[in-house]
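Numbering (this note's numbering), first residue to last: 37 to 183. What follows is one structure encoded as structure tokens, with my remarks underneath.
Shown next as structure tokens:
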């Protein structure tokens, strides 16, 4: 998998990606980190973990509060379809976020323990295992896998 095209996008996402807590801030520092990460070899399989189709992976998800073109105004519930962009990947994957209870909700501004289940096989860098969450092209959150 190629990483150089994606590294800048991931670096500006937020704390999980080396950026600031506020979406869209810290771009210069993040760009420097992205340049350093882009020089890392992408073929080193020892640094990645692969997940099969529909594999349920524990993780956390922070749902951003609505601010301009980022975040969400309302909570998400169990079995919510999202597009997740994983560190080291170039295209978001169609995934579902599962919560501990069918009636549970993740409120904007909150972080919750989740189960991530993607419809495609994917490989994630072991360092961080971070992802960005999108809904209809809008960035609504970020998270980390905890396999």
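Virtual Cβ for every residue (Gly too), placed ideally from N, Cα, C. Quick caveat, the model's predicted, so the values are computed rather than measured.
Comparing C-alpha positions only, which one of 181, 126, 182, 174 sits nearest to residue 106? In the chain shown, counting from the first residue as 1, residue 106 sits at position 70. Among 181, 126, 182, 174, the Cα nearest to that of residue 106 is on 174.
Given 8 Å, three or more beta-carbon pairs between the region 144 to 152 and the region 122 to 129: As far as the Cβ criterion goes, the region 144 to 152 does not touch the region 122 to 129, which means the pair count is below three.
For residue 178, which of 155, 140, 137, 119 has the nearest alpha-carbon? For the purposes of this step, residue 178 is taken as the residue at position 142 of the chain shown. Looking at the Cα atoms, 119 is the closest of the given residues.
Own chain, CB closer than 7 Å to residue 109, minus 5 neighbours either side, in chain order: Stepping through the chain shown from its first residue, residue 109 is reached at position 73. Same-chain partners within the cutoff: 102, 144.
Using three-state DSSP, classify residue 167 as helix, strand or coil. Here the question's residue 167 lines up with position 131 in the chain shown. Correct three-state label for residue 167: strand.
Going by other Cβ atoms of all chains shown within 10 Å of its Cβ, with 16 needed for buried, is residue 187 buried or exposed? With the chain covering only 37 through 183, there is no way to say anything about residue 187.
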